[in-house]
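**Student:** Residue numbers (UniProt numbering): 1 to 354.
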Amino acid sequence: MDYKIEVTDILTNYTSIDEIHSYSIDESFLDITESLNFFYPEIKNRYEQMNRIALDLQREIRDKLGLYVTVGMGDNPLLAKLAMDNYAKHNDNMRALIRYEDVPNKLWTIPKMTDFWGIGKRTEKRLNKLGITSIKELATADPLLLKQKLGTIGLQHFFHANGIDESNVREKYTPKSTSFSNSQILPRDYHKQREIELVIKEMAENLAIRLRKGGKLTSNLSLYAGAASTSEYSSVKVSRNIEATQNTKELQDLAISLFREKYQGGAIRQIGISGNQLSDSSVKQLSLFESVEENHSNEKQESLQKAIDEIRETFDFLSIQKASSLSEGSRVIYRNKLIGGHAASQDKEEKDVS
1 MDYKIEVTDI
11 LTNYTSIDEI
21 HSYSIDESFL
31 DITESLNFFY
41 PEIKNRYEQM
51 NRIALDLQRE
61 IRDKLGLYVT
71 VGMGDNPLLA
81 KLAMDNYAKH
91 NDNMRALIRY
101 EDVPNKLWTI
111 PKMTDFWGIG
121 KRTEKRLNKL
131 GITSIKELAT
141 ADPLLLKQKL
151 GTIGLQHFFH
161 ANGIDESNVR
171 EKYTPKSTSF
181 SNSQILPRDY
191 HKQREIELVI
201 KEMAENLAIR
211 LRKGGKLTSN
221 LSLYAGAAST
231 SEYSSVKVSR
241 NIEATQNTKE
251 LQDLAISLFR
261 EKYQGGAIRQ
271 IGISGNQLSD
281 SSVKQLSLFE
291 SVEENHSNEK
301 QESLQKAIDE
311 IRETFDFLSI
321 QKASSLSEGS
331 RVIYRNKLIG
341 GHAASQDKEE
351 KDVS
């Protein structure tokens, strides 16, 4: 059970805890839709991104816990489960993928019907009585006959045999919000932690500015610090639910805290930050865990930040800058001059792709 908790903790480095469904003591489903482009923007193929995140996950669990895990990937939870049970467990790399277009070659050729998820010996016998002895025959059977003889479950088996599964990893579905994210490839390998953290703070400030401009609060912060090719250490990948905010200092402090929690050393060449689970800033509530003085202090900070935002919007983003922008490793001046003085950083407003 201890391993289960530790593995789940590692999984939250790759996606939000809300996107993780514990299926059994040793199996979990992950929805990594939001994570793919954030962690691997340089990889354009979605399935290559999935394989890369699966590989990184396997390595992290092996290195930290000494466990070797199999990973099934698919266009929906059913295909991922079938990929793991029927293919990944038999592959040397312990990974397997089933796409929708793979259904005829990978689902219909599963030798035993009982190797298909949801079909036990009793169901197999009932299907055999209907003349259905393979997954392919199930996929091409008359769905009305299946419903008549087996009820709704018969119709479900028909859809599953065709690779169709509309279940969601979340036990209770809630519409996913848009997210604000930005990432950058550094001009050189950053070896000094203070330089890496300086860039993280600059990007967190950029995120806060965009949130205020868009009238949004973020309730989940994701951070990615990609290891340089010469580094012997792993990249930093972490996502954490937070109290809804658009406050610059809060986001900077949170981002640095997440980085220090996972960073083990080594050179960094790419940094990304993302604010997820957005909500309207007009509905922000006062925290019951803060004193009146603390809430008043936060209001003063927000007023100051908005005033700075307005000055930058009117004149130039670089019209107000911290002294740290002149420090070695800072990227804020270069990146803002790059596109005429306005906030920049390969920013994206991303919507979920189901």
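By construction, the Cβ of each residue, glycine as well, lies at the ideal position given by its N, Cα and C atoms.
(1) Evaluate THR230 with the Cβ neighbour count: other Cβ atoms within 10 Å of its Cβ, from every protein chain shown; 16 or more gives buried, anything less gives exposed.
(2) Answer yes if the region 178 to 195 comes into contact with the region 158 to 166, meaning at least three C-beta pairs across the two stretches below 8 Å, and no otherwise.
(3) Can you check which of these residues, TYR3, TYR23, PHE38, ASP9, is closest to GLN270 by C-alpha distance?
(4) Identify, in the order they occur along the chain, each residue of the same chain with its Cβ nearer than 8 Å to the Cβ of SER291, setting aside the five sequence neighbours on each side.
(5) Assign THR248 to buried or exposed, taking buried as 16 or more other Cβ atoms, counted over all protein chains shown, within 10 Å of its Cβ.
(6) If the criterion is Cβ atoms closer than 8 Å, does the pair SER274 and GLY215 meet it?
(7) What is the DSSP secondary structure of SER281, counted as helix, strand or coil?
(8) Please report the straight-line C-alpha distance between SER28 and THR8, rounded to a whole angstrom.
(9) Along the chain, where does the alpha helix (DSSP H) that runs through LYS149 open and close?
(10) If I measure Cβ to Cβ from GLN277 and keep anything under 7 Å in the same chain, skipping five residues before and after, which residues do I get?
(11) Along the alpha helix (DSSP H) that carries MET73, what are the first and last residues, could you check?
(12) Just list the residues that DSSP pairs GLN252 with in beta bridges.
(13) Given a cut-off of 8 Å, decide if TYR23 and LEU65 are closer than it, judged by their beta-carbon atoms.
(14) Provide the residue span of the alpha helix (DSSP H) that contains LYS125, from first to last.
(15) How should LEU107 be labelled, buried or exposed, when 16 other C-beta atoms within 10 angstroms of its C-beta is the threshold for buried?
(16) Near PHE158, which residues of its chain fall below 6 Å by C-beta distance, leaving aside the five closest residues on each side in sequence?
(17) If you follow the beta strand (DSSP E) that ILE185 is in, where does it begin and where does it stop?
(18) Of the choices ALA267, ASN86, GLY226, ALA208, whose alpha-carbon is the least far from that of SER179?
(19) Between which two residues does the beta strand (DSSP E) harbouring GLY226 extend?
(20) Can you give the beta carbon distance from GLY74 to ILE98, rounded, assuming they're within the 8 Å contact cut?
(21) Give the DSSP bridge partners of SER239, in chain order.
(22) For LEU127, count neighbouring Cβ atoms within 10 angstroms of its own Cβ and tell me buried if that reaches 16, exposed if not.
(23) At which residues does the beta strand (DSSP E) containing ARG95 begin and terminate?
(24) Please report the residue range of the beta strand (DSSP E) in which ILE20 lies.
(25) Measure the alpha-carbon distance for LYS136 versus ARG95 and round it to whole angstroms.
(26) For THR245, which of ALA255, VAL238, LYS237 has the nearest alpha-carbon?
(27) Return the first residue and the last residue of the alpha helix (DSSP H) that GLU137 is part of.
(28) Do LEU251 and LEU223 have their C-beta atoms closer together than 8 Å?
(29) Rounding to the nearest angstrom, what Cα-Cα distance links GLY272 and THR152 in this structure?
(30) Starting from the Cα of ASP115, find the closest Cα among LEU130, ASN105, ASN86, TYR190 and give me that residue.
(31) Can you tell me where the alpha helix (DSSP H) holding GLU60 begins and where it ends?
(32) Ordered along the chain, which non-local residues of its own chain (more than five positions away) have a Cβ less than 8 Å from that of PRO175?
(33) Take the Cβ of SER167 as the centre, count every other Cβ of all protein chains shown within 10 Å, and call the residue buried at 16 or more, exposed below.
(34) Inspect the beta-carbon positions of ILE53 and LEU36 and report whether they are closer than 8 Å.
(35) According to DSSP, is GLN270 helix, strand or coil?
(36) So what's ASN86 in DSSP terms, helix, strand or just coil?
**Tutor:** In short, the structure shows the following:
(1) Under this definition THR230 is an exposed residue.
(2) With a cut-off of 8 Å, the region 178 to 195 and the region 158 to 166 do not count as touching, because too few Cβ pairs lie within range.
(3) Answer by Cα proximity: PHE38.
(4) Confidence at SER291 is low in this model, with a pLDDT of 42, below 50, so its placement is unreliable and no value can be given for it.
(5) Buried: at least 16 other Cβ atoms inside 10 Å.
(6) The Cβ-Cβ distance between SER274 and GLY215 does not fall below 8 Å.
(7) Looking at SER281 - three-state DSSP - the assignment turns out to be helix.
(8) Going from the Cα of SER28 to the Cα of THR8 covers about 8 Å.
(9) Where LYS149 is concerned, the enclosing alpha helix (DSSP H) stretches over 143 to 150.
(10) Same-chain partners within the cutoff: SER177, THR218, SER219, ASN220.
(11) Careful: MET73 lies outside any alpha helix (DSSP H), inside the beta strand (DSSP E) at 71 to 74.
(12) None, per the DSSP bridge assignment.
(13) Using a Cβ distance threshold of 8 Å, LEU65 and TYR23 do not count as a contacting pair.
(14) Residues 121 to 129.
(15) The residue is buried, with at least 16 neighbouring Cβ atoms inside 10 Å.
(16) Here the set comprises PRO143, LEU146.
(17) Note, ILE185: beta strand (DSSP E), 179 to 190.
(18) Of the listed residues, the one whose Cα sits closest to SER179 is ALA208.
(19) Unbroken beta strand (DSSP E) run through GLY226: 216 to 227.
(20) Between ILE98 and GLY74 the Cβ distance is about 5 Å, and since that is below 8 Å, they are a contact.
(21) Per DSSP, SER222.
(22) It is buried - the Cβ of LEU127 has at least 16 other Cβ atoms within 10 Å.
(23) It spans 95 to 98 - the beta strand (DSSP E) in which ARG95 sits, taken as one unbroken run.
(24) Boundaries of the beta strand (DSSP E) around ILE20: 20 to 24.
(25) In this structure, the straight-line span from the alpha carbon of LYS136 to that of ARG95 is close to 24 Å.
(26) In terms of Cα proximity to THR245, the closest of ALA255, VAL238, LYS237 is ALA255.
(27) Judged by DSSP secondary structure, GLU137 falls within the alpha helix (DSSP H) whose first and last residues are 135 to 139.
(28) Cβ distance not < 8 Å, so LEU251 and LEU223 don't count as in contact.
(29) Put simply, the backbone Cα of GLY272 is about 46 Å away from that of THR152.
(30) Measuring from the Cα of ASP115, the nearest candidate turns out to be ASN86.
(31) Unbroken alpha helix (DSSP H) run through GLU60: 46 to 65.
(32) In this predicted model, PRO175 has a pLDDT of only 41, less than 50, meaning its place in the structure is not dependable; the value taken from the coordinates is given anyway. The beta carbon of PRO175 is closer than 8 Å to none in its chain, skipping five residues each way along the sequence.
(33) By the 10 Å Cβ count, SER167 comes out exposed.
(34) Yes; because the gap between Cβ atoms is below 8 Å, this pair is in contact.
(35) Three-state result, GLN270: strand.
(36) Helix at ASN86.
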